[in-house]
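Residue numbers (the working numbering): 42 to 142. Down below is the structure, laid out as structure tokens.
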Amino acid sequence: MGIPPEYFLLLGTGLFTIGVIGVLTRRNIIVILMSIELILNAVNINLVAFSRLSGNVQGQVFALFVITDAVAEAAVGLGLIIALFRNKETVNADEIDLLKW
């Protein structure tokens, strides 16, 4: 007896919803990146749950690739945030207008 996979799918759905709401409503770039990480973790939970339901390990292997991608995204994103903060002295997404003419 273990935890039913449906519970994992509900947890993944809840995390995904919280992440999407965070991306759409927040203005702080750091909070937006954390919301994207929540979305990626929700996808990983769903991949592992579907992998458990189907009986193969392909979903778990794919989840490892998603984790690797999330680490690279976090490193590059934090580097960009530091560079933007040094130039503009803000991390508010509305106040960053480097690409405007």
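Cβ coordinates follow ideal geometry from the N, Cα and C atoms, glycine included. For clarity, every value in this text was computed on a predicted model and none was experimentally measured.
Taking the Cα of I59 as reference, the smallest distance to any Cα among R93, A115, I73 is reached at I73. Your pair I44 and V64 does not check out as a contact, with CB atoms roughly 28 Å apart and the cut at 8 Å. Per DSSP, L139 lies in no alpha helix (DSSP H) segment and is marked neither H nor E. N133 is bridged by DSSP to N69. Distance from the CA atom of I70 to the CA atom of D135, rounded to whole angstroms, is 9 Å.
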